[in-house]
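For reference, each letter of the sequence shown is one residue, going 349 to 485 in this note's numbering.
Glycine included, each C-beta is placed from N, C-alpha and C at the ideal position.
It should be emphasised that the depicted structure is a prediction, and the values quoted were computed from it without experimental measurement.
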Amino acid sequence: MRLTVVGNPDNRRVGLFTAAVLAAGLPRPAVLPWADVLTGAAPPPAGALVRVDSPGEDPHVDRLLRRAAAPARHGELLGLADAYAGLVDGLARVAAGGAELLNDPGDVAALCDKRRCHARLSAAGVAVPAALPPIHG
Numbered sequence: 349m350r351l352t353v354v355g356n357p358d359n360r361r362v363g364l365f366t367a368a369v370l371a372a373g374l375p376r377p378a379v380l381p382w383a384d385v386l387t388g389a390a391p392p393p394a395g396a397l398v399r400v401d402s403p404g405e406d407p408h409v410d411r412l413l414r415r416a417a418a419p420a421r422h423g424e425l426l427g428l429a430d431a432y433a434g435l436v437d438g439l440a441r442v443a444a445g446g447a448e449l450l451n452d453p454g455d456v457a458a459l460c461d462k463r464r465c466h467a468r469l470s471a472a473g474v475a476v477p478a479a480l481p482p483i484h485g
């Protein structure tokens with residue numbers, strides 16, 4: 349079985365994962381770029397084993413996630429709700445081909461939503477600090 353990584357090809361995490369796969373004596377994983385996923389590329393097919401990596405650290409992918417015309421400046425936090433929605437949509441596209449995903453899309457979505465993640469951890473009995481109240485402005 350050949351691994352596929354959904355990630356940004358030049359990202360250090362993708363490179364480190366590829367190195368670990370090769371060091372384990374496995375074939376080089378295929379890389380499906382996040383930019384391709386977000387612009388309509390076919391998802392990994394049934395039978396593929398897929399690791400979903402972060403879409404971060406790429407200005408073009410950030411714009412695609414946010415559906416924005418302009419890139420964010422370094423350190424600027426823009427359109428976080430839009431980026432989250434783009435991530436959830438992208439994860440659904442990756443899952444649509446029926447591949448075996450090492451990262452459950454629902455779990456990734458929960459991890460990227462602080463309030464939801466906090467609630468899940470708390471409900472599972474994991475000690476977490478008190479949550480902030482909802483913000484309305």
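**Report entry** Touching by the beta-carbon criterion (3+ pairs, under 8 Å), the region 396-405 and the region 447-462
**Finding:** yes
What span of residues does the alpha helix (DSSP H) with Arg399 cover, start to end? By 1-based counting over the sequence shown, the position of residue 399 is 51. Counting along the chain, Arg399 falls outside any alpha helix (DSSP H), though it belongs to the beta strand (DSSP E) covering Leu397 to Val400.
Could you check which residue in Ala367, Asp358, Leu386 and Val353 has the C-alpha nearest to that of Val409? As a working mapping, residue 409 is identified with position 61 in the sequence shown. Checking every option, the nearest Cα to that of Val409 belongs to Leu386.
Less than 7 Å between C-beta atoms, sequence neighbours within five positions excluded: which residues of the same chain meet that for Leu469?
For this step, residue 469 is matched to residue 121 along the sequence shown. For Leu469, where only same-chain residues beyond five positions count, the Cβ hits under 7 Å are Val476.
(message) In chain order, what are the residue ranges of uninterrupted beta strand (DSSP E) at least 3 long that sit wholly in the region 362-429?
(response) 378-381 and 397-400
Measure the Cβ-Cβ separation of Val456 and Leu439 and say whether it is below 8 Å. Position 108 of the sequence shown holds residue 456. Position 91 of the sequence shown holds residue 439. Yes, they are a contact pair.
query = Can you tell me where the beta strand (DSSP E) with Val354 in it begins and where it stops?
reply = Start at 1 with the first residue of the sequence shown, and residue 354 comes out as number 6. That run of the beta strand (DSSP E) goes Leu351 to Gly355.
Is the region 365-378 touching the region 407-425, taking contact as three or more C-beta pairs under 8 Å?
no
8 Å contact criterion, which Pro393 and Val442 should meet: CB distance rounded: The count along the sequence shown starts at 1 and reaches residue 393 at position 45. The count along the sequence shown starts at 1 and reaches residue 442 at position 94. 11 Å between Cβ atoms; not a contact.
Can you pull the DSSP bridge partners for Gly446?
Locating residue 446 in the sequence shown gives position 98, counting from the first residue. Paired residues: Pro393.
Review point. Any idea what DSSP makes of Leu437, helix, strand or coil?
Key: Within the sequence shown, numbered from 1, the residue matching residue 437 stands at position 89. Contrary to the premise, residue 437 reads as Asp rather than Leu in this sequence. In the structure shown, Asp437 sits in a helix (DSSP, three-state: H, G or I).
Check your understanding: In whole angstroms, what is the alpha-carbon distance linking Leu370 and Arg350?
Key -> Taking the sequence shown and counting its residues from 1, one reaches residue 370 at position 22. Taking the sequence shown and counting its residues from 1, one reaches residue 350 at position 2. Between Leu370 and Arg350, the C-alpha separation is close to 12 Å.
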